[in-house]
Amino acid sequence: MKALRNYIDKIKPNFQKGAKFGMFHSTFDAFETFLFVPNKVTTKGSHIRDFVDMKRTMTVVITALIPTLLFGMWNVGYQHSLMIGENWTLWQNFWFGFLKVLPLLIVSYGVGLGIEFAFAQSRGHEVNEGFLVTGILIPLVLPVGVPLWMVAIATAFSVIIGKEVFGGTGMNVFNPALLARAFLFFAYPSHMSGDNVWVAGLAHGAKAVDGFSGATPLSNAASYHIDSIPSTYDMFMGYIPGSIGETSKLAILIGAAILLITGIGSWRIMLSVVIGGLSAGFLFNILSVNPYMDVPAWQHLIMGGFAFGAVFMATDPVTAAQTNKGKWIFGFLVGFMALLVRVLNPAYPEGMMLSILLMNAFAPLIDHYVVQANIKKRLKRAQKVAQ
Amino acid sequence: MPKVYKIRKGLNIPLKGEAEKVFTRTEQAEAYAIKPIDFPGITPKLSVREGDKVLTGSSLFYDKHHPEVLFTSPVSGTVELIRRGEQRRILEVVVTPDKNQEYIAFGAADPKTLTREQVIEKMLKSGVWPTIRQRPYGIVANIKDVPKAIHISAFDTAPLAPDMDFSVKDEVEAFQLGIDALSRLTHGVIHLNVNAEYLPNNVFSKAKGVQVNQFTGPHPAGNVGIQIHHIEPINKGDIVWTVNPLDVIIIGRLFKKGQYDATKVIALAGSEVLKPRYYIIKTGASIQNIVKGNLTQPAENLRFISGNVLTGKKINENGFFGFYDNMVTVIPEGNHYEFLGWVSPGFSKYSASRTFMSKLFPRKAYKLHTNLNGGERAYVMSGQYEKVLPMDIYPVHLIKAIITNDIDKMEQLGIYEVVEEDFALCEYVCTSKIEVQEILRKGIETVIKELG
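Note that the protein sequences, when read in sequence, are chains A and B. Quick note, the first sequence lines up with residues 1 to 387 if you use the numbering used here. Quick note, the second sequence lines up with residues 1 to 452 if you use the numbering used here.
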C-alpha cells in the first residue's frame, strides 16, 4: 500500500488546479479518496469526528441491495427457463441472468457517473457518492427486457434534470432512480408495462411454452384474474415475473435488516409505509366492490414493488421527509397512495413508483408544517411568559 | 425534593485517558496569557504595553464597546509579549510572573451587606466579571441587564471532563460567598444543576440560596444550555446568566480575601498523556509544565486542546489555558492516509452510527484521532442530529436558516436557546462533515449585529 500511496503522491501535483491535468481535479480526488481516506484533520469545531462518512453510508446501502441484485439475476434466468420450458440448474439460471443484468448495470453506472464527474468537475466539488446507490437501483427497478439505450437516456434524464439542476446529491426533490423509471414508463410505455416485458426474450417473439404467461401478479389482479395470482410462497420468495430487484421479498427483508441494524434506513418510514398500505388494503377489503378490492391487505405487501419501494426507495433520506414526525406522515401516505393507485386506477398497475414520487414532491411541505408547529410552540411559550 | 430532569438523547463518547483523581502540584508556570478570542463578541483594547509591570488584578485589556469590563492579569509580573495575528488582531497578552506574587487589594467584604452596584464594581475592577456569561449568545454579561435567573451546572458530561465534585472539594466557603455575590445580581433564582446519579459534594449540597435541580443522562446533559432549555427555555427578550462552578469559587475568593485569586483545579486528560491527573493552576497558565515529559509521543504528532475534544480550542504544547476551560486534552493527530478506510470492518473505530464492527464488540474506551474521516458533503442523512440534541429544536433547519442568512427563521427556530457547545455532538456525528459549530457562531454574530 505504501508503494501505491507514494505513486499517488507523485502524480498528485499534476492534477492540482492550474496544473497539466487540472481539469480532472475532481476525478482524481474521487479515485484518491476511494483508495485512501484522506489525511485531512479537523481545524475548526469538534476535534474528533465520527468515523462514518458518505462512502461508508453508501457502502452499507449497496451491501443491503446485493441480495436483491443476486436474486434478481437468478430469477431472470429462472423465468426464462420457465418460458422455454426447460429445467435449468441454479448456475445456468444465474449465469443467464447475470449476462442480462450486467449490461444494464454497466450502462447505468457509466452514464450516471460520467455525468456526476463532469458536474463535480465544473463546480469544483468533490464527487458525491450518492450515485453509487442510484446506479444499482436503476436496473433493479426496470424490467429485464428494456433496451440499453433507453436505460442510458433515462439515467441521463434523472441525473441531469432530477438532480444536478437542483445542485447535486442532497438537493434533489425526486428519488433519482424512480425518476428514471417514471421517465421510461411515460416515454416508452410499451417497454415498461404489459405482460411481455418482464421475462427476458418474451417480447422478441421467443417461443413460450403453452400455458406460460409473463404477467406479473399486479396485472393479474388489475385484470381481475385473481385466481392467476401466484401462491404466497412464490410471491414471497420471488419466483415470479417483475422488475429485476423487486420480486424476492426475502432478499428485500435481508436488505431491510441490514439497513435497520446499521441505522442507515429509517425504521419510521419503513414501518409507516407498511401501516399506510395495510390501512388502505383493509379499507378496500371492507368496501369490496370489485374482485381486486378483495385481495387481502397483507397480500399487497408482497405484490409488485411495494416492499422494494418501502425499504429502498421511500427511505431515501434526501427526498423523504426529514423530521421524525414528518417521516411518519410521509411513509403512511406513501403506502396508502400506492394502494389507491394500484386498485382504483387500472391504467397504472404499479402504484408504488407514482406514490413515492408524489410524496417526494410533498415531503418538503410536510416538513414545513412540522417545523411550523415547533415555531408556533416557541411563540406561544414566549407569549405565555409575557402575560 | 429537587426536580429530576431525565435527558434521554445524547452520546457519551468513550475516550481513553480519563484523569485519575489525584491532585498534582506544579511549579509556577513560566508564563500566563489572557486570550481575547476566548470572549466572543468583544473588541479588545489594550491597557498595557510590552514590558509593563502588572500586579495580580491589573487590567490587561478591556472591551471597546463596554469599557467597564476589564480583563485582568491572573499573576503579577511583566507583560512579556502581545501576540498579534492577521490584521494585527490581538491573540494573546502574555505575562511572565514574578517570584513574589503581589495582589491588588480590592477589599474583602460580605456580599450580603453590599449593594448590587458595589458587587458589580468589585467584580468589574478585579476582572472576575467576564466569568459571567449571558444566554442568549454565550457572550460576557452586560452589567446593565438584570437577568431572569442565573444557572450553574455543577457537573460536566463532556468526553473526559473533570469531575466537578472533585475539583471544587474543600471550597465550601468560597463557593457560598460566590453564590451570595451572584444573588445580588438577579431578582430571580440561582439554579444549581447537579447530577442525579450520585450524591453531590458538600460544596454543592450545602449551598444556600440556590434552587437545586437534578439531571441524569448522557452528554450534553451537563451543558448549562441544555439544562436551561429544560428548566425554563429562553424566549425572545429573556436574559439569563451562566457561571461555571470553578468561577463561582474565584468570585467567592474575591469577596473573602479581596484579591483576584484565579486558582482552579483542572484536569489533564487524553490518550496521549502518560499520567492523566488533576492539577492546580491559575487561569491562563501555560500548559508547558504539566505536559512536559508526560506525553506518549513527540509533540508534533499530537493535538493539544484547551477544553474538551468537542468544543475546546487548539493550542500548542507551550499554549495557554483558555479562560473558561477546566481541562486540557491531548489526543493524536490524524494526519495520515488510510487505505480503503471506509470499507474496513472497524473493530477499533468508535462510531455513533451502527456501521462499524465496534458496535458489536464494544471496547471500554477508544483512542480517537483528529482525522476528519471523510470529505465534506451536502446534507444527505436526516435525523442524525436529533438523536444527540436533547432540545425541542430542529437543528438542521436552524443550521440551514443560518446558511441562507434568514434572521427571522433563526429567531423562530430557537437560536436564542443555543450556543456552539450544545451543537458540538451534532458536528461530531455528522456524516456530511458540516462545520456546525462555526456556522452556529456566525448565525449568533449575525443576530447580535442585526438585532442588537
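For every residue, glycine included, the Cβ atom is placed at its ideal position computed from N, Cα and C.
Chain-order list of residues whose beta-carbon lies under 8 Å from that of residue i (same chain, five-residue window excluded)
i	result
residue 121 of chain A	23, 24, 25, 26, 27
residue 428 of chain B	11, 13, 310, 352, 388
residue 16 of chain A	22, 25
residue 3 of chain B	213, 214
residue 172 of chain A	162, 163, 166, 318, 319
residue 235 of chain B	416
Interface flag, residue i vs chain B, CB-CB below 7 Å
i	result
residue 319 of chain A	no
residue 37 of chain A	yes
residue 237 of chain A	no
residue 47 of chain A	yes
residue 389 of chain A	In the structure as shown, chain A starts at 1 and stops at 387, and residue 389 of chain A therefore has no counterpart that could be examined.
residue 322 of chain A	yes
residue 263 of chain A	yes
residue 55 of chain A	yes
residue 9 of chain A	no
Test: residue i CB closer than 7 Å to a CB of chain A
i	result
residue 187 of chain B	no
residue 412 of chain B	yes
residue 287 of chain B	no
residue 354 of chain B	yes
residue 333 of chain B	yes
residue 431 of chain B	yes
residue 454 of chain B	One cannot answer for residue 454 of chain B here, as it falls past the ends of chain B, which runs 1 to 452.
residue 428 of chain B	yes
residue 351 of chain B	yes
Per-residue contacts from residue i into chain B (C-beta, under 7 Å)
i	result
residue 126 of chain A	375
residue 42 of chain A	370, 372
residue 59 of chain A	342, 343
residue 1 of chain A	339
Whole-angstrom C-beta distance between residue j and residue i, which should lie under 8 Å
i	j	result
residue 355 of chain B	residue 262 of chain A	5 Å
residue 34 of chain B	residue 284 of chain B	5 Å
residue 338 of chain A	residue 245 of chain A	Incorrect: roughly 17 Å between the Cβ atoms, too far for contact.
residue 83 of chain B	residue 94 of chain B	7 Å
residue 337 of chain B	residue 350 of chain B	That pair is no contact at about 20 Å.
residue 193 of chain B	residue 154 of chain B	6 Å
Chain-ordered neighbours of residue i on chain A, where CB pairs are closer than 7 Å
i	result
residue 235 of chain B	381, 382, 385
residue 340 of chain B	35
residue 385 of chain B	Those do not exist, as residue 385 of chain B stays about 10 Å from chain A at its closest Cβ, beyond 7 Å.
residue 346 of chain B	51
residue 381 of chain B	57, 317
Close-in-space but distant-in-sequence residues of the same chain around residue i (CB under 6 Å, 5 per side omitted)
i	result
residue 376 of chain B	433
residue 143 of chain B	120
residue 326 of chain A	366, 367, 370
residue 316 of chain A	175
residue 259 of chain B	103
Cross-chain neighbours of residue i in chain B, by beta carbon under 8 Å
i	result
residue 371 of chain A	394, 397, 413
residue 155 of chain A	Those within 8 Å of residue 155 of chain A in chain B number zero; the least Cβ separation is about 20 Å.
Partner residues on chain A for residue i, Cβ-Cβ distance less than 9 Å
i	result
residue 438 of chain B	44, 45
Contacts of residue i in chain A (Cβ-Cβ under 8 Å)
i	result
residue 336 of chain B	39
residue 132 of chain B	By Cβ distance, chain A contributes nothing, its closest Cβ being about 23 Å from residue 132 of chain B, past 8 Å.
residue 378 of chain B	128, 167, 168, 169, 170, 171
residue 424 of chain B	45, 46
residue 73 of chain B	Result: empty, since nearest Cβ-Cβ is about 29 Å, beyond 8 Å.
Contact set between residue i and chain B, taken where Cβ atoms lie within less than 9 Å
i	result
residue 374 of chain A	392, 393, 394, 397, 412, 413, 414
7 Å CB neighbourhood of residue i in its chain, flanking five on each side removed
i	result
residue 260 of chain A	267
residue 430 of chain B	384, 436
residue 307 of chain A	249, 252, 301
CB contact below 7 Å: residue i versus chain D
i	result
residue 298 of chain A	Absent from the structure: chain D. Protein chains present are A and B.
Would you list, in chain order, the members of the stretch 293-317 of chain A that have their beta-carbon closer than 8 Å to a beta-carbon of chain B?
317
Residues of the stretch 150-181 of chain A with a CB closer than 7 Å to any CB of chain B: list them in chain order, please.
168, 169, 170, 171
The stretch 297-317 of chain B: positions lying closer than 8 Å to chain A by Cβ:
303, 305, 309, 310, 311, 312, 314
Which residues, in order along the stretch 241-273 of chain A, keep a beta-carbon less than 9 Å from a beta-carbon of chain B?
261, 262, 263, 264, 266, 268
Can you pull out the residues from the stretch 108-125 of chain A whose beta carbon lies closer than 8 Å to at least one beta carbon of chain B?
Listed by position, the residues of the stretch 108-125 of chain A near chain B (Cβ gap below 8 Å) amount to none.
Taking a cut of 7 Å between CB atoms, which residues from the stretch 321-344 of chain A lie near chain B?
Here the close residues are 322, 323, 324.
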